[in-house]
Structure formats: C-alpha cells, structure tokens
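For reference, the structure is listed below as structure tokens.
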Amino acid sequence: MCYKKSISGLSRSRIEKLPNKLGRGKIVCVTATTLVNCQRWSVNLLCGKDNSSDIAFHFNPRLLQHFIVRNSRVKGQWGHEEYLLITPFNIKHGEDFKLEIFTADDQFFVTYNKKHVCNFRFRLPLHSISHIEVCGMVDVHEIEIETFDKFPVNEDDIFVIEEMSKPLKEEQKMETPIRSILPEGLQEDWQLEIYGTPKLLPQTFSIDLRSCVYVWPPNTIALQLNTIFGNNMLVRNAFIDNKWGMEERIGGSKFLPATPFSLWIRRSTKKYSIWVNEKLQVEFAFRCDPELVKAVHILGDVDINGIYVNKNPERYF
C-alpha cells in the first residue's frame, strides 16, 4: 500500500488530491456507505483541483434508473456514454461498499465489493489525473491507492469447466463476468459448449478463448466472439503479441434478446467451427497455437446456464 487517507463526515461533493500521478498497476480504492435516500452517486478521476476540471473517468450508478453510466468530460463537453444494468452487482441504498479502479495499459478495470463491473478505455492521458471526486449522498470513509500485479485479484469466483457427463440443470444460472479454466485445454476434435440467454435489452456480449484466466497483464486471446445486437453482427478477432488483429464480421447473428441459445466451438486441425443453435454459423482459422488456450472469459449482457467440454461430440462438422 502506498497511500491511505481516512475521511469522516458527509459532503455532496468531496475532492481529494492524489499523492502521485496514476500509473500502470495502481488501484484507486474508495470505501464508503450510501445513505438510504441516495438516488445516485459518482466517482470522478479529475485532471484538476475543482469540479469544472476535465474528467478522465466518470463512474455513476443511478439507483432509481437501475443502470451505471461511464463517461469522460473534456473542455466542458461530455463524451459518449457507456452504460450497463446495475442489477447483477447488487448496488443499492444504505450499504457499505468498496469501489476499486485498476489502471492497466490502456483502460480502467472497475470492481464493486470485489466483483468485476466493467472496463473503460482511456480517453485522456493517465498522467493528467491529479484528483479524485466523490459526489452524492455518500459517506466516504477512506481513499487508498495500492499496487497490483494481476487482475482480477479475487480468485474466489474462478469457475472450472468440466467434461459434459450429465444433462443440463435448467435452474443453474451464472452472471457475467465469468472467468473459467479449461484444465486440459481445448484439444483437437473437442467441443466447448455454452448454453445461455441474452438479457432482455442487450447491447453486446463476448466470449474469449484465452491463454490465462487473468485479464491483466495482457495475455493471448486465440478467439474472441463478440455479438453486437444493435447491428446484428458477430465479430471475430484474436489478440496476439499485445495487439488485436483484423476483425472478421458477419451479419445475421442468431442470438436474440431473452431467447435461450446453444453455442458450440469445435476445434479441428486448422480452425474453430462455431455453431449456434445446432447450425454452423461461421469458422475462424487459427492465428496462434491452439494449445495455448487454457481459459474462457464471458462478458456482457447474457446469463449463462452451463459451460462444458464435450470430448466426444455426437454431431460432426
């Protein structure tokens, strides 16, 4: 721990100077309590000492509307809002909480009470951040700055993917983000099977085949499937040697809001075959050694009912 400041008392807007410039591998931690009549609150990373300064990152849970807004403000102008539903993270009135903002290479990772909430790509230089502001009916107890060497730091929620050996349990439900381990990887002719249901009003969800269960430091993503509901696209890509490759896009995605789906990813000799609801939708040629794949990450607007490895799939591609 490199910095810690204890605070007591209420204020609608509290601004504190950070002791040093933020850098890669730092965590800003805010420990506080929301009041029972709190309707919204926010934490802002400021590029100056007053509330008219540029805001590099604005994190704003709106309790009445049941969503979280992320944004930035430059020269008095707000940027494009990013939002997500508040429900999965149990953010509510009259509770103690710990908000942690992790600074990685090109984005912030945010956790609420140790649960990964969202990411936010830098829109302003990290070194320009000098102050933190907490707004709303919130009793702030403590602000800390710590260091970290991996994200997420909480290992309690890592899920181990098992071989499919029995029927699905319909009552099972896992909420994103989901970090899971493939103990034996995904071998040739094996099939990764994912069953779930998109949210009622989804924007996007993604599934990554990764070399490591951690998000940071950056590791290889052999395949990312990103479903974008606004334009009905299924986007494929890979992240290798710390950079994204060329996107492959196809329209006519088979994923529908609030509609259960099955997704099968089968490894063959030179490619992954991707089936949705038992129909082949697309293929993706290997861009790296498929033996690197050891983990699966699922993010976004989807509930998952099951993740399995099928070593002897009955249907062949």
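Quick note: the sequence shown uses UniProt numbering, first residue 1, plus one each step.
Where a beta carbon is used, it is the ideal one built from N, C-alpha and C, also for glycine.
Keep in mind the model is a prediction, meaning the values are calculated, not measured.
- Around the C-beta of T103, 16 or more other C-beta atoms lie within 10 Å, and the residue is accordingly described as buried.
- V110 is not a Cβ neighbour of I158, given a cutoff of 8 Å.
- By alpha-carbon distance to L84, the top candidate from F261, L201 and L35 is L201.
- Residue state for P88 is assigned as helix, using DSSP reduced to three classes.
- Rounded to whole angstroms, the Cβ separation of A56 and S42 is 13 Å, and the two are not in contact under 8 Å.
- E16 is bridged by DSSP to I132.
- The C-alpha of T259 is placed about 42 Å away from the C-alpha of I132.
- Judged by DSSP secondary structure, I304 falls within the beta strand (DSSP E) whose first and last residues are V302 to N310.
- Counting only the Cα atoms, G306 lies some 7 Å from Q172.
- In the structure shown, E283 adopts extended strand secondary structure according to DSSP, grouped into three states.
- Comparing alpha carbon positions, the residue from Q281, S273 and P61 closest to G251 is Q281.
- In this structure, L63 places its C-beta atom within 8 Å of the C-beta atom of K92.
- Relative to M164, the option among I143, L182 and K98 whose CA is nearest is L182.
- The beta carbon of K21 is closer than 6 Å to those of H127 in its chain, skipping five residues each way along the sequence.
- With respect to the 8 Å criterion, R287 and I228 are not classified as neighbours on the basis of their beta carbons.
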